[in-house]
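Below: the structure, in structure tokens.
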Amino acid sequence: MKRYINLTIKLLISLSLFATFVAFTEKPTAEKSKAQNQEIVARDRHGRGRGHSRSRHGRHGGGFQFRIDIGAPRDRYYYDRSYSEYVRVNCEVYDTKYAKVKEIQLGGRAIYLNGAGDGRRYYFTLRPGYHTIKWRVENDDYFGAKYRNYSRNFRVYRDREQVYITIKGSSISIR
Numbered sequence: 001m002k003r004y005i006n007l008t009i010k011l012l013i014s015l016s017l018f019a020t021f022v023a024f025t026e027k028p029t030a031e032k033s034k035a036q037n038q039e040i041v042a043r044d045r046h047g048r049g050r051g052h053s054r055s056r057h058g059r060h061g062g063g064f065q066f067r068i069d070i071g072a073p074r075d076r077y078y079y080d081r082s083y084s085e086y087v088r089v090n091c092e093v094y095d096t097k098y099a100k101v102k103e104i105q106l107g108g109r110a111i112y113l114n115g116a117g118d119g120r121r122y123y124f125t126l127r128p129g130y131h132t133i134k135w136r137v138e139n140d141d142y143f144g145a146k147y148r149n150y151s152r153n154f155r156v157y158r159d160r161e162q163v164y165i166t167i168k169g170s171s172i173s174i175r
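In the working numbering, the protein residues as written are 1 to 175.
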């Protein structure tokens, strides 16, 4: 019984608040409604008019329609700057005394080298995100395996203009 009394009291309070809200809202005058009708007619004459509106013939019938934008507002920092879709990667490959680079794999591309000697430069374009670079080194030592594979994960940021990769034998530098 207490629950029903509590519910009726809440209902009466909400109805009284609604009635005061409706009482103090501004009612349109004849001049405002006439000006509003002229705006609608002027808009209708410029292309989207009677019989051409989606809301009159679609599945939406009459009534209110709401538009909800989900996501960050457009006045944020990352909407002001434009980012390129690809980032340039400069790759320099050098051999050391005992290690010769034979192959590089980056972004689905493979480059086969017969030793880089004093150094070679290669240029790629990659999308921003995480990538893995793999390279194969031939050892001139007499101990251990003849070939050794290396790999390194790195991230390409979308606001960077270029990424520099330097491979010297078995070591790598990414900046």
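Beta carbons: idealized from backbone N, C-alpha and C, even for Gly.
The structure displayed is predicted, hence computed values, not measured ones.
- Message: So, with DSSP's three-state summary, where would you put Ala23?
- Response: Along the sequence shown, one-based indexing puts residue 23 at 23. When DSSP states are grouped into helix, strand and coil, Ala23 belongs to the helix group.
In this structure, how does DSSP classify Met96 when only helix, strand and coil are distinguished? Residue mapping note: residue 96 aligns to position 96 of the sequence shown, counting from 1. One detail in the question is off: residue 96 reads as Thr in this sequence, not Met. For Thr96, the three-state secondary structure derived from DSSP is coil.
Margin query: At the level of alpha carbons, what is the spacing between Lys102 and Ile133?
Written below: Here the question's residue 102 lines up with position 102 in the sequence shown. Here the question's residue 133 lines up with position 133 in the sequence shown. About 14 Å.
* Output yes or no for whether 9 Å exceeds the beta carbon distance between Arg136 and Tyr150. => Your numbering for residue 136 matches position 136 in the sequence shown. Your numbering for residue 150 matches position 150 in the sequence shown. With a cutoff of 9 Å on beta-carbon distance, Arg136 and Tyr150 are scored as near each other.
| request: Would you identify the three-state DSSP class for Lys146, choosing helix, strand or coil? | output: For the purposes of this step, residue 146 is taken as residue 146 along the sequence shown, with counting starting at 1. In the three-state scheme derived from DSSP, where H, G and I count as helix and E and B as strand, Lys146 is classed as coil.
Kindly identify the DSSP beta-bridge partner or partners of Ser151. The residue you call residue 151 lines up with position 151 of the sequence shown. Answer is Lys134, bridged to Ser151.
**Request:** Measure from the alpha carbon of Gln162 to the alpha carbon of each residue in Phe18, Phe143, Ser84, then state which is nearest.
**Result:** Walking along the sequence shown from the start, residue 162 turns up at place 162. Of the candidates Phe18, Phe143, Ser84, the residue whose Cα lies closest to the Cα of Gln162 is Ser84.
Check your understanding: According to the neighbour-count rule (16 or more other Cβ atoms, all chains shown, within 10 Å of its Cβ), is Val22 buried or exposed?
Key -> Your numbering for residue 22 matches position 22 in the sequence shown. Under this definition Val22 is an exposed residue.
Item to complete: Take the Cβ of Asp118 as the centre, count every other Cβ of all protein chains shown within 10 Å, and call the residue buried at 16 or more, exposed below.
Response: Taking the sequence shown and counting its residues from 1, one reaches residue 118 at position 118. Classification of Asp118: exposed, given that the 10 Å Cβ count is below 16.
Check your understanding: Is it buried or exposed for Ile167, if we count other Cβ within 10 angstroms and need 16 for buried?
Key -> If you number the sequence shown from 1, residue 167 lands on position 167. Classification of Ile167: buried, given that the 10 Å Cβ count is 16 or more.
(message) Does Ile13 come out as helix, strand or coil in the three-state DSSP assignment?
(response) Looking up residue 13 in the sequence shown gives position 13. Three-state result, Ile13: helix.
Closest by CA to Tyr164, which one among Val89, Thr8, Thr20, Lys10?
Here residue 164 corresponds to residue number 164 of the sequence shown, with the count starting at 1. If we check each option's Cα against that of Tyr164, Val89 comes out closest.
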